[in-house]
Amino acid sequence: EDADKLRAFQERIDAEERIEPNDWMPEAYRRTLVRQISQHAHSEIIGMQPEGNWITRAPSLRRKAALLAKVQDECGHGLYLYAAAETLGVAREEMVDQLLAGKAKYSSIFNYPTLTWADIGAIGWLVDGAAIMNQIPLCRCSYGPYARAMIRVCKEESFHQRQGYEIMLTLCRGNAAQKEMAQDALNRWWWPCLMMFGPPDSASQHTDASTKWKIKRFTNDELRQKFIDATVPQAHYLGLTVPDPELRYDEASGHWQHGAIDWEEFKQVIAGNGPCNAQRMERRRQTEEDGAWVREAARAFAEKEKRRHRV
Ligand code: ACO
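All residue numbers for the sequence shown refer to the UniProt record's numbering, where the first residue is 18 and numbers rise by one.
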């Protein structure tokens, strides 16, 4: 009977039908989605920290308003994603507890520091640019609630990418010190951004199953290549140098070929040993504690309302 159900499920996937929360699904499909969507949600929430670091130091009121809105958007993305994961039968509290206990992963990229204002430009341009490359195909993911959440997320990410590129353009058209700052930010963010796409296909344990289930539409290496091809000409337009001496355009394939990625660094960051892992987790735990009274008040209010309506 299970084999019949599995076959019917795969046929629906192959026919590009959307799977909805109350539909039958294999346990492994559910687990993969809970893993990916919760990691994605945690990334959005932790990802508020590196940029939040610059809200009070943005160089103008206009920059401050845009950055504030962007960081709030990231929070909203985290909330839609937790809600999408909850449709798979996992409680938000459980996901948050796993993050706070240091058991859940979040994107490696958010463990790097934001040292100068140019880092805010580089994050918008490169980190959000990489996020869009990875997330546009997720709008066609087989699981309905995740795919639908991604549509709005991608629209907002594309505004974020634009605001980041515009910061870089302004710096690159500024004085020599400003241009130097932009180059330094690109030097520090380039390689970690390439790592965001995940391990090389040869080492990616989940790609085959996720591709079969149409959760993933492209492999990690394919998306990484698309990102490089889109981004290198943007760096050139800015007049910046991509920090990869082996980078060269291959006429035959039409792709930019890159040098070797330091996968040892990636492993270390994922294992908790990146430059800011400890700080990010400490801040997240502290914020959770500081917000306890708000949750308590909301629960008390909900109880009171329930009692009032019962009478
Ligand atoms: N940072 C941290 N962990 C990572 C990263 C990364 N950049 N890339 C891969 N991993 C982890 C995977 O989560 C997996 O760990 P697990 O088995 O403990 O869950 C392991 O490394 C092996 O990787 P894959 O087999 O390639 O995993 P997967 O098929 O899930 O592909 C990917 C990874 C591409 C990140 C996928 O999960 C995905 O598309 N996620 C949704 C997008 C997302 O999370 N973006 C977050 C950053 S963007 C932003 O928030 C602005």
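No residue lacks a Cβ here, since even glycine has one placed at the ideal position from N, Cα and C.
Contact test: residue i Cβ vs ligand 2 heavy atom, cutoff 7 Å
{"i": "residue 216", "result": "Summarising the ligand content, the structure contains ligand 1 and does not contain ligand 2."}
Residue i: CB within 7 Å of a non-hydrogen atom of ligand 1
{"i": "residue 148", "result": "yes"}
{"i": "residue 52", "result": "yes"}
{"i": "residue 122", "result": "yes"}
{"i": "residue 221", "result": "yes"}
{"i": "residue 145", "result": "yes"}
{"i": "residue 237", "result": "yes"}
{"i": "residue 152", "result": "yes"}
{"i": "residue 248", "result": "no"}
{"i": "residue 287", "result": "yes"}
{"i": "residue 233", "result": "yes"}
{"i": "residue 111", "result": "no"}
{"i": "residue 60", "result": "yes"}
Integer-rounded CB distance, given that residue j should sit under 8 Å from residue i
{"i": "residue 123", "j": "residue 60", "result": "4 Å"}
{"i": "residue 63", "j": "residue 301", "result": "6 Å"}
{"i": "residue 104", "j": "residue 162", "result": "5 Å"}
{"i": "residue 99", "j": "residue 58", "result": "5 Å"}
{"i": "residue 210", "j": "residue 259", "result": "That pair is no contact at about 11 Å."}
Spatial neighbours of residue i in its chain, beta-carbon cut-off 6 Å, leaving aside the 5 residues before and after
{"i": "residue 136", "result": "202"}
{"i": "residue 90", "result": "173"}
{"i": "residue 236", "result": "218 and 224"}
{"i": "residue 142", "result": "181, 182 and 185"}
Cβ shell of residue i (< 7 Å), same chain only, five flanking positions each side left out
{"i": "residue 285", "result": "291"}
{"i": "residue 70", "result": "131"}
{"i": "residue 189", "result": "196, 199, 255, 256 and 257"}
{"i": "residue 246", "result": "272 and 273"}
Local Cβ density within 10 Å of residue i, reported as buried at 16 or more and exposed below that
{"i": "residue 274", "result": "exposed"}
{"i": "residue 39", "result": "exposed"}
{"i": "residue 168", "result": "exposed"}
{"i": "residue 266", "result": "exposed"}
{"i": "residue 125", "result": "buried"}
{"i": "residue 77", "result": "exposed"}
{"i": "residue 93", "result": "exposed"}
{"i": "residue 181", "result": "buried"}
{"i": "residue 318", "result": "exposed"}
{"i": "residue 128", "result": "buried"}
{"i": "residue 270", "result": "exposed"}
**Prompt:** Which runs of the alpha helix (DSSP H) fall wholly inside the segment 75–138 and span at least 4 residues, in chain order?
**Reply:** For the alpha helix (DSSP H) assignment, the uninterrupted runs of no fewer than 4 residues enclosed by the segment 75–138 are, from N- to C-terminal side, 78–103 and 109–117.
**Request:** Output the residue ranges of the alpha helix (DSSP H) runs that lie fully inside the segment 135–184 and measure 4 residues or longer, sorted by chain position.
**Result:** Counting only runs of 4 or more, we get 135–139 and 145–152.
**alpha helix (DSSP H) segments (min. 4 residues) lying fully within the segment 18–65** = Complete alpha helix (DSSP H) runs here, min 4: 19–31 and 44–63.
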